[in-house]
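To get the numbering used here, take the position in the sequence shown, counting from 1, and add 129.
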Amino acid sequence: MTLIEARRALPMPGVYDAFSARLAEHAGFKALQVSGFAAAATVLGLPDIGILSLRDQINVVQVITQSVDIPVMADGDTGFGNALNAYHTVRLLETAGAAGVNLEDQSFPKRCGHMNGKSLIPIEEMVQKIRAAVAARIDTDFVINVRTDAIAIEGLAGAIERANAYAEAGATVIFIEAIRSREESEAVVSQVKAPISINMLGTRGGKTPLLSRRELECLGVARVSYPILTLCAAGAAMQLALATLAESGRLDSLEHQLLSFDEVTDVVGLSAERAREQAFPR
């Protein structure tokens with residue numbers, strides 16, 4: 130919570146399993162975001178269109194939070210139903226170890242914020258979900274990061290109106306999805322009465338221009354997410370390695386582009402497990 134309150138564009142890479150989470154922690158990041166997009170892709174092999182279940186999300190969150198020592202935010206999608214469902218979504222994800230949750234105002238089935246064809250629930254309905262989420266949290270420092278996809282449907286003015294209503298309802302942070310320009314980012318920061326989160330996606334092809342963390346910090350942004358950075362980086366590396374093996378039957382040309390065996394075992398904590406094993410000799 131304090132990291133976001135500082136409004137210094139806290140970077141939160143999206144992760145989807147224990148290994149990606151540990152790599153991010155080893156890289157020095159102070160907080161992580163479970164990416165619903167990446168989880169849908171890796172758990173189900175499906176797009177982010179509302180098919181990943183709450184139980185799927187809980188399982189991913191539990192694995193990740195048990196593997197790292199830094200705060201992890203969960204992806205609560207639309208809360209998986211009405212305000213009562215949102216209440217239990219928040220309670221279950223917090224119990225699973227999350228330090229915060231994303232909740233969004235799309236109608237169900239939702240879809241990735243950088244896809245077309247989105248629709249929204251009424252402001253009043255989302256306000257009730259937020260109030261339920263606030264009531265559900267056990268720790269008052271649990272972050273309720275409320276996302277609106279209104280820019281694509283109601284324009285910037287509609288998004289700001291919704292954002293302020295959501296802030297008044299108790300949102301810790303406001304996440305306006307698919308901002309289309311630096312000028313819109315400036316308007317959001319200046320006109321919304323809450324800390325602002327912006328999505329840099331983590332790859333090319335999104336609707337939001339890619340700005341550096343320094344630029345976003347200067348704008349006054351509190352939190353920056355990179356939800357599919359690790360997924361896209363891993364996918365590109367795997368495609369290269371697999372294509373090389375399929376075409377040549379050799380991997381020596383990739384020797385310096387792959388993690389070594391020792392590097393992988395370091396990420397997964399083999400030395401610590403060996404030491405623990407010695408404490409309980411047979």
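Glycine is no exception: its CB is placed at the ideal position from the N, C-alpha and C atoms.
Given a threshold of 16 other Cβ atoms within 10 Å of its Cβ, counted over all protein chains shown, does residue i qualify as buried or as exposed?
i, result
"SER310", "exposed"
"MET202", "buried"
"GLY174", "exposed"
"SER382", "exposed"
"PHE73", "A query on residue 73 cannot be resolved here, the shown segment of the chain reaching from 130 to 411 and no further."
"GLN162", "buried"
"HIS385", "exposed"
"ILE180", "exposed"
Quick check: the Cα distance between residue i and residue j, rounded to an integer number of angstroms?
i, j, result
"THR207", "GLY378", "46 Å"
"GLY205", "SER341", "27 Å"
"ALA261", "ASP234", "14 Å"
"ARG352", "GLN407", "42 Å"
"GLN186", "ILE267", "19 Å"
"GLN257", "ARG240", "21 Å"
"ALA138", "MET367", "30 Å"
"THR337", "ILE325", "15 Å"
"PHE158", "ASN211", "34 Å"
"PHE148", "VAL393", "9 Å"
"ASN328", "LEU358", "11 Å"
"VAL190", "THR373", "34 Å"
"PHE237", "LEU380", "45 Å"
"ILE259", "ALA323", "14 Å"
"ALA401", "SER164", "28 Å"
"TYR295", "GLU306", "14 Å"
Going by DSSP, which residues form a beta bridge with residue i?
i, result
"ARG260", "Looking at the DSSP assignment, ARG260 forms no beta bridge with any residue, so it has no partner."
"ASN274", "ASN231, VAL302"
"ARG352", "LEU139, SER326"
"ASP204", "ASN231"
"VAL163", "VAL144"
"LEU249", "GLN235"
Thinking just about the alpha-carbon of each residue, which of the options is nearest to the one in residue i?
i, options, result
"GLY246", "ALA294, GLU283, ALA215", "GLU283"
"VAL230", "ASN274, TYR295, MET244", "ASN274"
"ASN293", "PHE271, GLU253, MET329", "GLU253"
"ARG333", "TYR355, GLU315, SER326, CYS347", "TYR355"
"PHE271", "ILE289, ASP278, GLU223", "GLU223"
"ASP395", "ARG136, ARG137, ASP146, ARG151", "ARG151"
"VAL192", "VAL172, ALA156, GLY179", "VAL172"
"ALA156", "VAL263, VAL197, ARG184", "VAL197"
"GLU313", "ILE289, ALA265, GLY331, GLY335", "ILE289"
"LEU466", "VAL263, ALA307, GLU402", "Absent from the model: residue 466. The displayed extent of the chain is 130 to 411, so no value can be given."
Looking at the secondary structure, which residues open and close the beta strand (DSSP E) in which residue i lies?
i, result
"THR337", "No beta strand (DSSP E) holds THR337; DSSP gives it neither H nor E."
What span of residues does the alpha helix (DSSP H) with residue i cover, start to end?
i, result
"GLN235", "Here GLN235 belongs to no alpha helix (DSSP H), and DSSP marks it neither H nor E."
"ASP391", "390 to 396"
"MET367", "358 to 377"
"ILE193", "183 to 194"
"VAL317", "311 to 320"
Does the beta carbon of residue i sit closer than 8 Å to a beta carbon anywhere in chain B?
i, result
"ALA265", "Looking at the structure shown, chain B is missing, and only one protein chain is on hand."
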